[in-house]
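Enquirer: Here it is, the structure, as structure tokens.
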């Protein structure tokens, strides 16, 4: 029944193009208030659509759902193929949720070129949605690259820092560099498919379709090569430890809205889970790959946390804490067992609430003092109790206090890491301690103690819109923290299928090509 | 209520905290009323629990189990045995008393009570968890409220306030600066506490995860793990895994106890904390350490416990003597009580280390008794601080004229803390000493000297605070006269003396929890050897042949049986 409904009503296409259409509509509008209201309406409709998808999604199932497929360039096997499974469906909801909050946040913090800003935001939403719902690698790559356009302008035009032009360029160049390698990897996947297809005389000679590619065995050497190529693409974007240098600049110089999207939606690690691991399971579980990638993850955890400890600027601290958290995600992913993958996926979603939430908090601080540097704060808790409370709650979620979402994800990752190799877990666990240290130390200096010199008596507490943002984030944080099973149920099916696939390798699936059929 | 008693005890404070969020700070009476009634519900339920617990039947009672994640084998699995029951009671008594002790807090009353309730509920949660995941969950949850209670409502030390040099202040506030005895800000204390506790909690977490991984049972259920987990024969790093796990668990949890080399966060934290927080911190939070060691290490790794527990016997001597001497020389009331707590926790470790029926029961009763005694002392130190705004003993004196009630209670508190006959502390101390004598005579002698030392520093502090000449600037200070101010002290005193005179029920309850545990540790074939050998050979090497069977709690066969209300 659901299949019929999905077939009759292309809900994913609607999700995908609604913001883009909305952006075009905004272009026609003149009045700034009208622009804001329309942008909010579009974002809310988008959120409603994504909630519809989440509600109609069949949990505990590994199948692709809401599938739409239209031939695009048949000669090359490129198709317009959309679908969501347990791995991607939560990201769809998260992206729509964050977009609403960003629009609300930008309501009065963006003062110039409001229309263009909102258009960029909505265009960015389309491209991120595209990344999450594409099942065709070329389609995915198109959205992956298109994402850079609105991001570039958002950082360059509305960034707060003096070096925003530099940061925007750095961001784009780094990501592009990575994606070039990824494109080569995608091409190699296609060539491999072609070779296999020629050998077996199938009808279809070329395909970039994820589900087709999954049915074809890939020799181990080839797999490892492709793995590293794709790894570079995702690692630059994520960013995984040695490829991270653009992140702090982009987050610090760019506008808060952009930072929320960049830090909240973990596209790079999503890529690992969506493409690298299922397509290249034998490579992913080979000794060198696991050791290298987990090694980088562990470095990232310690390095990120250590760097975050000494930062005086809150956004820079958050950038390094993101790197540290991504280290956790990577370690969980390459533990390659059920708990690790489940924990990583949940943590990616969690960070969308907690790290993004902390960026909103940074935004609230920025709106008051026009900087997030520590020197501008001190003893704020007495002046702005609401801000201090939400700051604390969201921060505690990010360091994984029991009862918040961070704990569940972190615990699952550690569990997975311990199950895989105990010392992975033993090192990763240090990140938890540092996490508490850097957050609480910053919080203490900014919020507790005597009133800072730069803090004015007239500083206002959160106003209505900010409260709405903070409350909605807090609700999600506590919901996942206390009752995570609805979310875990959604992701379980796909994670289990992924674990099975890892177990069997690529060769086994050839016998039953419709295993993940739609 | 009946079988749901544990849920009431655990969730009443959480519900109270939740309700407080929606109350305005402009209605302080309503705020206090909600907090007090939440604590009262918890208290009534735990008194009921204490008396309804059937020591004849023993084992885990009032069991509640709710599946949380089937795939991971995690469930919210609550139940108390004879060890958990008195500690749950102590926690809720101290929470209730703490609410009244902090009745006069004006600054952000609502937030204060929210965190106090969460702190108490989390500690209570540890005492009743039968699932390792939730044990760790509640354990971690109790740390963060401490940070806020110290950082927001705490107080700086005198020396810190006297320092005006900004460079010095900056240095002393940085976390890297360690040698700042007696001169630290409350923020420093809060930070140190959190870092210490979370770092060691993580060690314990590693132990827990190793148990989970290598038991191969895919469950965090303590009762299932203790029957079937077998870590004895897995070689790791030149030793066996069970030893590594045991060390991680022991030191991970001993840091909060606090055992001697890991103790330094604790007195600093006490000194910075507001009175009610110190009460809960010294009264029950520190016992989380002993309790978790008993619940995790003793239950799951009995063989290893027998082998490695002498570590505790060595370290506890240092705890007792070192803590006692520092307390003797400290000038700050809260440092004195803080170090005295840390010294007294050495007795508990001694009682645990001897692994004897009497001494371990004594240790558990001591935890209960110490909660009351130290709770009283911290409450009164808090009262004196509120009245005089100083905790510096040399500058105080002669307050007994101004506060006769407090000074009388203080004498009782000191007596209880020393272990005067007639208080429950006496019973606990005597049990620890008698029970450990056979195994650790040297430690017992040290412990007895420690009692003398306790008497010395407590009486010195009492003299310094209440007798001698009084500085005129304290002439405005007044006694606790209202029922609100007197009630918490009277409750703790009556509990302490009441159980001192009528200890039998407490003793029976504790023994019912301790007996199977000690039997398991001292007389039992290792589970693995047992399984492997049966039925060919009845006993492995190094075990007592006549006891070559696994001792089971009567409840284990049917863990879902819940005792109905009488």
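Chains as they are written, first to last, in my numbering: chain A, 1014 to 1531; chain B, 20 to 585. We put the beta carbon where it would ideally sit given N, CA and C, even for glycine.
#1: Going by Cα to Cα distance, which pick from 1195(A), 1137(A) and 1127(A) is closest to residue 1154(A)?
#2: Apply the 10 Å Cβ neighbour rule to residue 348(B) and answer buried if 16 or more other Cβ atoms are within range, or exposed otherwise.
#3: Have a look at residue 296(B) and residue 165(B) and give me their C-alpha separation to the nearest angstrom.
#4: Have a look at 1348(A), 1150(A) and 1479(A) and flag the residue whose alpha-carbon is nearest the alpha-carbon of residue 1401(A).
#5: Which residues, taken in chain order from the stretch 224-236 of chain B, show a beta carbon closer than 8 Å to some beta carbon of chain A?
#6: Run the CB neighbour count on residue 1434(A), radius 10 Å, all protein chains shown included, and call it buried at 16 or more, exposed below.
#7: Cα separation between residue 452(B) and residue 85(B)?
#8: Please identify the residue among 397(B), 247(B) and 230(B) whose C-alpha is closest to the C-alpha of residue 302(B).
#9: Taking just the CA atoms, how far does residue 1066(A) sit from residue 79(B)?
#10: Quick one: does residue 1449(A) have its CB under 9 Å from some CB of chain B?
#11: For residue 492(B), tell me which candidate among 351(B), 341(B) and 417(B) has the shortest Cα-Cα distance.
#12: Which stretch, first to last residue, makes up the beta strand (DSSP E) that contains residue 1096(A)?
#13: Along chain A, in chain order, which residues have C-beta atoms closer than 7 Å to that of residue 170(B)?
#14: Which residues of chain B have a Cβ atom closer than 9 Å to the Cβ of residue 1432(A), listed in chain order?
#15: Can you list, in chain order, the residues of its chain with a C-beta nearer than 6 Å to that of residue 1260(A)? Leave out the 5 residues immediately preceding and following it.
#16: From the beta carbon of residue 1514(A), is the nearest beta carbon of chain B less than 9 Å away?
#17: I think residue 1310(A) touches residue 1256(A), with their Cβ atoms under 8 Å apart; what is that distance to the nearest whole Å?
#18: Under the assumption that residue 1279(A) contacts residue 1343(A) (Cβ atoms under 8 Å), give the Cβ distance between them as a whole number of angstroms.
#19: Below 8 Å on the Cβ atoms is my contact criterion, and I expect residue 1105(A) with residue 1156(A) to pass it. Report the Cβ-Cβ distance as a whole number of Å.
#20: Output needed for residue 359(B): all residues of its chain with C-beta closer than 6 Å, excluding positions within five of it in sequence on either side, in chain order.
#21: Residues in its own chain within less than 8 Å of residue 533(B) by CB, not counting five upstream and five downstream?
#22: Give the range of the alpha helix (DSSP H) segment to which residue 1455(A) is assigned.
#23: Determine, for residue 131(B), whether the minimum Cβ-Cβ distance to residues of chain A falls below 9 Å.
#24: Using CA atoms only, rank isn't needed, just tell me which of 1445(A), 1516(A), 1512(A) and 1472(A) is closest to residue 213(B).
#25: Taking the alpha helix (DSSP H) that residue 347(B) falls in, what are its first and last residues?
#26: Could you tell me which chain A residues have their CB closer than 8 Å to the CB of residue 478(B), listed as they occur along the chain?
#27: Suppose contacts are defined by Cβ-Cβ distances below 9 Å. Is residue 121(B) in contact with residue 141(B) by that definition?
#28: Skipping 5 residues on each side, what residues in its chain have a beta carbon closer than 7 Å to that of residue 93(B)?
#29: By the 10 Å Cβ neighbour count, where 16 or more other Cβ atoms means buried, how is residue 282(B) classified, buried or exposed?
#30: Does any residue of chain A bring its CB to less than 9 Å from the CB of residue 87(B)?
#31: State the Cα-Cα distance for the pair residue 25(B) and residue 1367(A), rounded to the nearest angstrom.
#32: Which chain B residues sit within Cβ distance under 9 Å of residue 1464(A)?
#33: At the 9 Å Cβ level, is residue 197(B) part of the contact set with chain A, yes or no?
#34: Are residue 459(B) and residue 372(B) closer than 9 Å when you measure CB to CB?
#35: Alpha carbon to alpha carbon, how far is residue 412(B) from residue 351(B)? Give it in angstroms, no decimals.
#36: Near residue 1135(A), which residues of its chain fall below 6 Å by C-beta distance, leaving aside the five closest residues on each side in sequence?
Expert: Concretely, from the data shown:
#1: Your numbering for residue 1154(A) matches position 141 in the first chain. Nearest option by C-alpha distance: 1195(A).
#2: The residue labelled residue 348(B) in the question sits at position 329 within the second chain. By the 10 Å Cβ count, residue 348(B) comes out exposed.
#3: As a working mapping, residue 296(B) is identified with position 277 in the second chain. As a working mapping, residue 165(B) is identified with position 146 in the second chain. Approximately 7 Å, taken between the alpha carbons.
#4: Taking the first chain and counting its residues from 1, one reaches residue 1401(A) at position 388. Looking at the Cα atoms, 1479(A) is the closest of the given residues.
#5: 224, 225, 228, 229, 231 and 232
#6: By 1-based counting over the first chain, the position of residue 1434(A) is 421. Residue 1434(A) is exposed by the Cβ-count criterion.
#7: Here residue 452(B) refers to the residue found at position 433 of the second chain. Here residue 85(B) refers to the residue found at position 66 of the second chain. Cα to Cα, the separation comes out at about 41 Å.
#8: Position 283 of the second chain, counted from the first residue, corresponds to residue 302(B). Considering only alpha carbons, the answer is 397(B).
#9: Here residue 79(B) refers to the residue found at position 60 of the second chain. Here residue 1066(A) refers to the residue found at position 53 of the first chain. Computed Cα separation, rounded: 45 Å.
#10: Counting from one through the first chain, the residue named residue 1449(A) turns up at place 436. Chain B, which has a Cβ nearer than 9 Å to the Cβ of residue 1449(A), makes this yes.
#11: Within the second chain, residue 492(B) is the residue found at index 473, counting from 1. The shortest C-alpha separation from residue 492(B) is found at 417(B).
#12: On the first chain, residue 1096(A) is found 83 positions in, with the first residue counted as 1. Unbroken beta strand (DSSP E) run through residue 1096(A): 1091-1097.
#13: Residue numbering aside, residue 170(B) sits at position 151 when the second chain is read from its first letter. Here the neighbours are 1457 and 1461.
#14: Position 419 of the first chain, counted from the first residue, corresponds to residue 1432(A). Correct list: 228, 231 and 232.
#15: Reading the first chain from its first residue, position 247 is the one you call residue 1260(A). Answer for residue 1260(A): 1252 and 1332, listed in chain order.
#16: Reading the first chain from its first residue, position 501 is the one you call residue 1514(A). Residue 1514(A) does not count as touching chain B.
#17: Stepping through the first chain from its first residue, residue 1310(A) is reached at position 297. Stepping through the first chain from its first residue, residue 1256(A) is reached at position 243. The Cβ separation is near 13 Å, so there is no contact.
#18: The sequence position of residue 1279(A) within the first chain is 266, counting from 1. The sequence position of residue 1343(A) within the first chain is 330, counting from 1. So it is not a contact: roughly 10 Å between Cβ atoms.
#19: Here residue 1105(A) is taken as the residue at index 92 of the first chain, counted from 1. Here residue 1156(A) is taken as the residue at index 143 of the first chain, counted from 1. No, residue 1105(A) and residue 1156(A) are not in contact; Cβ-Cβ is about 13 Å, not under 8 Å.
#20: Taking the second chain and counting its residues from 1, the one referred to as residue 359(B) is at position 340. The answer, listed in chain order, is 346.
#21: Here residue 533(B) is taken as the residue at index 514 of the second chain, counted from 1. Counting only Cβ-Cβ distances below 8 Å, and skipping sequence neighbours, we find 101, 102, 376, 379, 380 and 383.
#22: If you number the first chain from 1, residue 1455(A) lands on position 442. First-last of the alpha helix (DSSP H) with residue 1455(A): 1435-1460.
#23: Residue mapping note: residue 131(B) aligns to position 112 of the second chain, counting from 1. No - not a single Cβ of chain A is within 9 Å of the one on residue 131(B).
#24: Here residue 213(B) refers to the residue found at position 194 of the second chain. Among 1445(A), 1516(A), 1512(A) and 1472(A), the Cα nearest to that of residue 213(B) belongs to 1445(A).
#25: By 1-based counting over the second chain, the position of residue 347(B) is 328. Per DSSP, residue 347(B) belongs to the alpha helix (DSSP H) from 329-348.
#26: Locating residue 478(B) in the second chain gives position 459, where the first residue counts as 1. Within 8 Å Cβ-Cβ: nothing; residue 478(B) doesn't reach chain A, min ~37 Å.
#27: Sequence index remark: in the second chain, residue 121(B) carries index 102 (1-based). Sequence index remark: in the second chain, residue 141(B) carries index 122 (1-based). No, the Cβ-Cβ distance between residue 121(B) and residue 141(B) is not below 9 Å.
#28: Here residue 93(B) refers to the residue found at position 74 when the second chain is read from its first residue. Closer than 7 Å at the Cβ level, and outside the excluded window around residue 93(B), lie 87, 150, 152 and 239.
#29: Position 263 of the second chain, counting from 1, holds the residue named residue 282(B). Classification for residue 282(B): buried.
#30: Taking the second chain and counting its residues from 1, one reaches residue 87(B) at position 68. It does: the Cβ of residue 87(B) has a partner Cβ on chain A nearer than 9 Å.
#31: Sequence index remark: in the second chain, residue 25(B) carries index 6 (1-based). Sequence index remark: in the first chain, residue 1367(A) carries index 354 (1-based). Those two C-alpha atoms are separated by around 32 Å.
#32: Reading the first chain from its first residue, position 451 is the one you call residue 1464(A). Within chain B, no residue comes near residue 1464(A); the closest Cβ sits about 14 Å away, beyond 9 Å.
#33: Taking the first residue of the second chain as 1, we reach residue 197(B) at position 178. Note that residue 197(B) has pLDDT 47, beneath the 50 cutoff, so the model's placement of it is unreliable and the number below is only indicative. Not one chain A Cβ lies under 9 Å of residue 197(B).
#34: Locating residue 459(B) in the second chain gives position 440, where the first residue counts as 1. Locating residue 372(B) in the second chain gives position 353, where the first residue counts as 1. Yes, they are a contact pair.
#35: Stepping through the second chain from its first residue, residue 351(B) is reached at position 332. Stepping through the second chain from its first residue, residue 412(B) is reached at position 393. Straight-line Cα distance between these residues: approximately 6 Å.
#36: As a working note, residue 1135(A) is residue 122 in the first chain. Cβ within range, chain order: 1032, 1035 and 1036.
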